[in-house]
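Quick mapping for you: the protein sequence lines, in order, are chains A and B.
Mapping the first sequence onto my numbering, position 41 (from 1) lands on 68, and the numbers just tick up by one.
Mapping the second sequence onto my numbering, position 106 (from 1) lands on 133, and the numbers just tick up by one.
2 protein chains.
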Amino acid sequence: MLYLGIDLGGTNIAIGLVDDKGKLISKDSIPTNKDRDYTEIVKDMADLSIYIIKRNSYELKDIKSIGIGCPGTIDSEKGIVIYSNNIKFNNVPIRSEMQKYIDLPVFIENDANCAALAESVSGAAKGTTNSVTITLGTGIGSGVIIDNKIYSGFNNAASELGHTTLILGGKECTCGRGGCWEAYASATALIRATQDALRENSNSVINKMIKGDMEKIDAKIPFDAAKQGDKIGSMLIDKYIEYLSAGLTNVINAFQPEVLVIGGGVCNQGEYLLEPVNKLVKQNMFCKEVRQTEIKVAKLGNDAGIVGAAMLGK
Amino acid sequence: MLYLGIDLGGTNIAIGLVDDKGKLISKDSIPTNKDRDYTEIVKDMADLSIYIIKRNSYELKDIKSIGIGCPGTIDSEKGIVIYSNNIKFNNVPIRSEMQKYIDLPVFIENDANCAALAESVSGAAKGTTNSVTITLGTGIGSGVIIDNKIYSGFNNAASELGHTTLILGGKECTCGRGGCWEAYASATALIRATQDALRENSNSVINKMIKGDMEKIDAKIPFDAAKQGDKIGSMLIDKYIEYLSAGLTNVINAFQPEVLVIGGGVCNQGEYLLEPVNKLVKQNMFCKEVRQTEIKVAKLGNDAGIVGAAMLGK
Numbered sequence: 028m029l030y031l032g033i034d035l036g037g038t039n040i041a042i043g044l045v046d047d048k049g050k051l052i053s054k055d056s057i058p059t060n061k062d063r064d065y066t067e068i069v070k071d072m073a074d075l076s077i078y079i080i081k082r083n084s085y086e087l088k089d090i091k092s093i094g095i096g097c098p099g100t101i102d103s104e105k106g107i108v109i110y111s112n113n114i115k116f117n118n119v120p121i122r123s124e125m126q127k128y129i130d131l132p133v134f135i136e137n138d139a140n141c142a143a144l145a146e147s148v149s150g151a152a153k154g155t156t157n158s159v160t161i162t163l164g165t166g167i168g169s170g171v172i173i174d175n176k177i178y179s180g181f182n183n184a185a186s187e188l189g190h191t192t193l194i195l196g197g198k199e200c201t202c203g204r205g206g207c208w209e210a211y212a213s214a215t216a217l218i219r220a221t222q223d224a225l226r227e228n229s230n231s232v233i234n235k236m237i238k239g240d241m242e243k244i245d246a247k248i249p250f251d252a253a254k255q256g257d258k259i260g261s262m263l264i265d266k267y268i269e270y271l272s273a274g275l276t277n278v279i280n281a282f283q284p285e286v287l288v289i290g291g292g293v294c295n296q297g298e299y300l301l302e303p304v305n306k307l308v309k310q311n312m313f314c315k316e317v318r319q320t321e322i323k324v325a326k327l328g329n330d331a332g333i334v335g336a337a338m339l340g341k
Numbered sequence: 028m029l030y031l032g033i034d035l036g037g038t039n040i041a042i043g044l045v046d047d048k049g050k051l052i053s054k055d056s057i058p059t060n061k062d063r064d065y066t067e068i069v070k071d072m073a074d075l076s077i078y079i080i081k082r083n084s085y086e087l088k089d090i091k092s093i094g095i096g097c098p099g100t101i102d103s104e105k106g107i108v109i110y111s112n113n114i115k116f117n118n119v120p121i122r123s124e125m126q127k128y129i130d131l132p133v134f135i136e137n138d139a140n141c142a143a144l145a146e147s148v149s150g151a152a153k154g155t156t157n158s159v160t161i162t163l164g165t166g167i168g169s170g171v172i173i174d175n176k177i178y179s180g181f182n183n184a185a186s187e188l189g190h191t192t193l194i195l196g197g198k199e200c201t202c203g204r205g206g207c208w209e210a211y212a213s214a215t216a217l218i219r220a221t222q223d224a225l226r227e228n229s230n231s232v233i234n235k236m237i238k239g240d241m242e243k244i245d246a247k248i249p250f251d252a253a254k255q256g257d258k259i260g261s262m263l264i265d266k267y268i269e270y271l272s273a274g275l276t277n278v279i280n281a282f283q284p285e286v287l288v289i290g291g292g293v294c295n296q297g298e299y300l301l302e303p304v305n306k307l308v309k310q311n312m313f314c315k316e317v318r319q320t321e322i323k324v325a326k327l328g329n330d331a332g333i334v335g336a337a338m339l340g341k
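Okay, here's the thing in structure tokens:
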């Protein structure tokens, strides 16, 4: 049996066919054009779904269910997107709209939860029953898997781990609160810190890298600078690793997952990031006498959204 | 059927008979005398258990199981106290030792987890499937109930919510890390903050209350001072409520429990504490569009340890 997974993002709609082991068989994507009415967006989702099924010589009867991963607050039971800032959805009955075109069970979940489910089924946390996946991007996405299921609290809004405090009253966070982990350890936070550091002190190799154009700073640049021995780059990365590790320590003290998966472009740094992170986490974690959480880099990359959405129906 | 619950603390061993609804039928306690060998402590536990059963005209066959709640790190599967700082236990096979005297199933869990289970079965979170219980005492104890069961991670060490950061690098915590929630919002933290404030500025009604003896400061005193309009008292309580609320907001953003139970002597302040806490939490929580967690004061008080331990076997 196959599963269809839809990763509905602010920029693209990515859809894929996934087998029952969480393996992606075929995928495609189209632009979301997010300012349209939701009925048009969902019609596009349905059309592309049917196209992918046919292109792979399958029929609807070969598909067990459709899963949709979407940013924002979701009511999984009712199949409604309660609120999504990214795609301007407000109480959108996405399940019933989708079923106007395709008569299959439709599941819907927050996209970060989908990514966590994907890593748990066929990614870096494969084989575990309890895991947490953290995605370091524009914000910090997070999903918690307990007993092989997404944990989402009594109201489907749980595991917003990016919005737990690192430094109460500190840097302003998108959520309106001051000092959330996201405001210090997302990729955006690293980019902002780099821009701020250059404004204060322009004597850095980073200035040459970006040819003076602050807009060219991405999360890789301070890492590159640090590797070249640049003082500002090293300071930025040391601080970033301290913030990232502190939040990961919090996650471990709270959840003690068997595997803690970290994803997002920053994690392409591999051992350069993991080694000092592991050292700091081990040093600061509460419970040192027991078997310890393993921190691993995400395996499924951008496909995690599709795979996790598909696995909602498993 | 009845259940026997044992709350093994650093000062006392409290034991009770509990029915299958989580109602405490009879209890008694003896001093722990914690510096003794564990074999002596467990023998006392067994003797008092048998005494309580007989005193209530029951026999061993009326008891389904024995549960033991113990501070520290527990291996529930193996029935071992891996490490407890409070009672100096180190790899103590408490289940097998107990079964030398009483031939019943023996369950063992961390005491904060037991308190959470008790509040969930017959206390402030009765009727919910997901709840979190926070106890504000010497430290911050916490237990998480998911699907009516204690959540303790893959290694039985989860839900150390007192050891998540409020202000990274801030006040020193007993765990060795700087800035944990416990270092700001435990009863001890409030007492220390009061002592520090008086050292800086002795012009407070608190000085009269304690007759100049800093050792007389308990967590109630700054509340009493604040209620009398004392400037230092009000400042202390405002700050304490800010810290407490920030950590509770973190718990909600992470777990979204249906009920978040808070216990410990500080909670005797009732609405005086709950009202501003609720206001701050609502203001700062991430997800405002969904049904919201209810914050309630613990109901079972000191009996929570016994009741929760007993309910381990249910």
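Note that the Cβ used here is the ideal one computed from N, Cα and C, for glycine as well.
Values in this document were obtained by computation on a predicted structure and should not be read as measured data.
In terms of alpha-carbon separation, which member of the options lies closest to residue i?
| i | options | result |
| --- | --- | --- |
| residue 33 of chain A | A:251, A:138, A:240, A:161 | A:138 |
| residue 402 of chain A | A:104, A:326, A:72 | Because chain A in this structure spans residues 28 to 341, residue 402 of chain A falls outside the shown range and cannot be described. |
| residue 246 of chain A | A:265, A:234, A:310, A:215 | A:215 |
| residue 63 of chain A | A:117, A:41, A:83 | A:117 |
| residue 256 of chain B | B:157, B:233, B:180 | B:233 |
| residue 85 of chain B | B:271, B:273, B:29, B:220 | B:29 |
| residue 298 of chain A | A:224, A:312, A:270, A:324 | A:324 |
| residue 177 of chain B | B:142, B:165, B:193, B:107 | B:142 |
| residue 213 of chain A | A:60, A:179, A:266, A:48 | A:266 |
| residue 219 of chain A | A:199, A:296, A:276, A:341 | A:199 |
| residue 319 of chain B | B:276, B:251, B:239, B:300 | B:276 |
| residue 261 of chain B | B:303, B:274, B:290 | B:303 |
| residue 186 of chain A | B:339, B:313, B:50, B:237 | B:313 |
Against residue i, what residues of chain A qualify as contacts under a CB-to-CB distance less than 7 Å, listed in chain order?
| i | result |
| --- | --- |
| residue 185 of chain B | 281, 282, 283 |
| residue 180 of chain B | 157, 282, 283, 284 |
| residue 188 of chain B | 281 |
Taking a contact to mean a Cβ-Cβ separation below 8 Å, would you say residue i touches residue j in this structure?
| i | j | result |
| --- | --- | --- |
| residue 76 of chain B | residue 93 of chain B | yes |
| residue 191 of chain A | residue 281 of chain B | yes |
| residue 159 of chain A | residue 149 of chain A | no |
| residue 44 of chain A | residue 31 of chain A | yes |
| residue 244 of chain B | residue 209 of chain B | no |
| residue 109 of chain A | residue 101 of chain A | yes |
| residue 285 of chain B | residue 140 of chain B | no |
| residue 202 of chain A | residue 193 of chain A | no |
| residue 253 of chain A | residue 96 of chain A | no |
| residue 331 of chain B | residue 152 of chain B | no |
| residue 228 of chain B | residue 279 of chain B | no |
| residue 134 of chain B | residue 283 of chain A | no |
| residue 79 of chain B | residue 90 of chain B | no |
| residue 41 of chain A | residue 54 of chain A | yes |
| residue 269 of chain B | residue 225 of chain B | no |
Check the Cβ of residue i against every Cβ in chain B and list those closer than 7 Å, keeping chain order.
| i | result |
| --- | --- |
| residue 316 of chain A | 100, 109, 110 |
| residue 204 of chain A | 311 |
| residue 273 of chain A | 192, 195 |
| residue 277 of chain A | 191, 192 |
What first and last residue would you give for the beta strand (DSSP E) that runs through residue i?
| i | result |
| --- | --- |
| residue 110 of chain A | 107-111 |
| residue 321 of chain A | 321-324 |
| residue 162 of chain A | 158-163 |
| residue 129 of chain A | Taken as a continuous stretch (DSSP letters only), residue 129 of chain A belongs to no beta strand (DSSP E), as it is neither H nor E. |
| residue 306 of chain A | Where residue 306 of chain A is concerned, there is no enclosing beta strand (DSSP E), although the alpha helix (DSSP H) it sits in stretches over 298-311. |
| residue 328 of chain B | Neither: residue 328 of chain B is in no beta strand (DSSP E) and is coded neither H nor E. |
| residue 290 of chain A | 286-290 |
How would you write the range of the alpha helix (DSSP H) that residue i sits in, first residue to last?
| i | result |
| --- | --- |
| residue 227 of chain B | 214-227 |
| residue 123 of chain B | 121-126 |
| residue 138 of chain A | 138-149 |
| residue 333 of chain B | 331-338 |
| residue 315 of chain B | Run containing residue 315 of chain B: none; DSSP gives neither H nor E here. |
Can you name the residues of chain A whose CB is closer than 8 Å to the CB of residue i?
| i | result |
| --- | --- |
| residue 177 of chain B | Those do not exist, as residue 177 of chain B stays about 12 Å from chain A at its closest Cβ, beyond 8 Å. |
| residue 173 of chain B | 173, 178 |
What alpha helix (DSSP H) runs, 4 residues minimum, are completely inside the stretch 236-267 of chain B?
247-254
Report the residue ranges of all alpha helix (DSSP H) runs contained in full by the stretch 31-119 of chain A; include only those spanning at least 4 residues, in chain order.
Those alpha helix (DSSP H) runs which fall completely within the stretch 31-119 of chain A and span 4+ residues are 65-82.
Within the stretch 173-210 of chain A, note down every full beta strand (DSSP E) run reaching 3 residues or more, in order along the chain.
176-178
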